[in-house]
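Asks:
In my numbering, the protein residues as written are 28 to 249.
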């Protein structure tokens, strides 16, 4: 098991409960957009408390970035991350992950499940290959939308938000279910990428299959 001790370069808020954490990049460390690693905090109590987080920087960046949703209702790893500052150390481990770009299609994310798609779309945008990819993003409220301005810039009208606990004229107010998918998608042979809470991913995966999508066009984390 690889271990890399890296110093934090910066910690910045993204939303009310999401942080952007930039750290040093070890020599020779590389990943494919969509992949993740396990991270622990280099403090006695937390060294063995590893949690999976997705890379949200580009692979050719001089630093690594993680976009992390934090939970303050218990004294866990993400709550501890909120207390850290530049110069503190994290421990990175092996690179892993099943989500990677396989061609144009539809991306479906729930909450912090957006994170594997951040690096994918940043890379596509940099390469001028965003094409007709679409992103459907479900959140509880508008305050929860991660990197809203960035996704609007990269995707324009192909960035579609829906909120489940807030009604607003700006976004849809519905769950991503069979009715939603039938309304917004007309080609079920294209690529589908799904990431979010386990129950949501399973439900959408099953619904896509009901609507004609085959197993080999659906990408999820395993």
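Where is the CB? At the ideal position from N, CA and C, for every residue including glycine.
Look up residue 281 in the DSSP assignment and say whether it is helix, strand or coil.
Replies: Limits of the chain in this structure are 28 at one end and 249 at the other, which puts residue 281 out of reach.
Asks: Check the DSSP bridge columns for residue 82 and list the partner residues they point to.
Replies: In the chain shown, the residue the question calls residue 82 occupies position 55. Paired residue(s): 93.
Asks: Helix, strand or coil for residue 220, going by three-state DSSP, please let me know.
Replies: As a position in the chain shown, residue 220 is number 193, starting the count at 1. Reduced to three states, the DSSP call for residue 220 is strand.
Asks: Thinking C-beta only, is residue 44 closer than 9 Å to residue 171?
Replies: Taking the first residue of the chain shown as 1, we reach residue 171 at position 144. Taking the first residue of the chain shown as 1, we reach residue 44 at position 17. Closer than 9 Å, so yes.
Asks: In this structure, does DSSP put residue 203 in helix, strand or coil?
Replies: As a position in the chain shown, residue 203 is number 176, starting the count at 1. In the structure shown, residue 203 sits in coil (DSSP, three-state: anything other than H, G, I, E or B).
Asks: Please state the DSSP three-state secondary structure of residue 211.
Replies: Here residue 211 refers to the residue found at position 184 of the chain shown. DSSP places residue 211 in helix when its eight states are reduced to three.
Asks: Could you please give me the residues that DSSP links to residue 40 through a beta bridge?
Replies: Here residue 40 corresponds to residue number 13 of the chain shown, with the count starting at 1. Paired residues: 46.
Asks: Which residues mark the beginning and the end of the beta strand (DSSP E) in which residue 121 is found?
Replies: As a first step, residue 121 is located in the chain shown; it is residue number 94 there, counting from the start. Note, residue 121: beta strand (DSSP E), 116-123.
Asks: Cutting at 8 Å between CB atoms, please list the residues of its own chain near residue 181, excluding the five before and the five after it.
Replies: For this step, residue 181 is matched to residue 154 along the chain shown. Answer for residue 181: 148, 149, 151, 152 and 157, listed in chain order.
Asks: Would you call residue 113 buried or exposed, if buried means 16 or more other Cβ atoms sit within 10 Å of its Cβ?
Replies: Counted from its first residue, the chain shown places residue 113 at position 86. Exposed, since its Cβ has fewer than 16 Cβ neighbours within 10 Å.
Asks: If you follow the alpha helix (DSSP H) that residue 66 is part of, which residue opens it and which one closes it?
Replies: For this step, residue 66 is matched to residue 39 along the chain shown. Premise fails: residue 66 lies in the beta strand (DSSP E), 63-68, not in any alpha helix (DSSP H).
Asks: For residue 134, report the span of its alpha helix (DSSP H) as first-last.
Replies: For the purposes of this step, residue 134 is taken as residue 107 along the chain shown, with counting starting at 1. Per DSSP, residue 134 lies in no alpha helix (DSSP H); the unbroken beta strand (DSSP E) holding it starts and ends at 132-137.
Asks: Determine whether the beta carbon atoms of residue 300 and residue 30 lie at a separation below 9 Å.
Replies: The question about residue 300 has no answer, for the chain in this structure spans 28 to 249.
Asks: When DSSP builds the beta bridges, which residues end up paired with residue 241?
Replies: As a first step, residue 241 must be located in the chain shown, where it is residue number 214. Its beta-bridge partners do not exist; DSSP assigns none.
Asks: Give me, in chain order, the residues of the same chain whose beta-carbon lies closer than 7 Å to that of residue 226; leave out the 5 immediate sequence neighbours on both sides.
Replies: Mapped onto the chain shown, residue 226 falls at position 199. If we look at residue 226 and ignore the five residues flanking it on each side, it has no Cβ neighbours.
Asks: Near residue 74, which residues of its chain fall below 6 Å by C-beta distance, leaving aside the five closest residues on each side in sequence?
Replies: Along the chain shown, read from residue 1 onward, the residue named residue 74 stands at position 47. Cβ neighbours of residue 74 beyond the five flanking positions: 67.
Asks: Once DSSP output is grouped into helix, strand and coil, what is the label at residue 236?
Replies: Position 209 of the chain shown holds residue 236. Note: residue 236 maps to helix in three-state DSSP.
Asks: Let me make sure I understand the geometry here. Which of 54, 46, 179 and 146 has the alpha-carbon closest to that of residue 250?
Replies: Lying outside 28 to 249, the shown extent of the chain, residue 250 is not represented and no answer is given.
Asks: What is the DSSP secondary structure of residue 169, counted as helix, strand or coil?
Replies: Here residue 169 corresponds to residue number 142 of the chain shown, with the count starting at 1. Helix.
Asks: Indicate the three-state DSSP secondary structure (helix, strand or coil) for residue 157 in the structure shown.
Replies: Against the chain shown, residue 157 aligns to sequence position 130. In this structure, residue 157 counts as coil in the three-state DSSP scheme.
Asks: With three or more C-beta pairs closer than 8 Å as the rule, is the segment 206-225 touching the segment 236-244?
Replies: yes
Asks: What are the partner residues of residue 34, as DSSP defines its beta bridges?
Replies: On the chain shown, residue 34 is found 7 positions in, with the first residue counted as 1. In the DSSP secondary-structure assignment, residue 34 is bridged to 116.
Asks: Grouping DSSP H, G and I as helix and E and B as strand, with all else coil, what is residue 111?
Replies: Walking along the chain shown from the start, residue 111 turns up at place 84. Correct three-state label for residue 111: coil.
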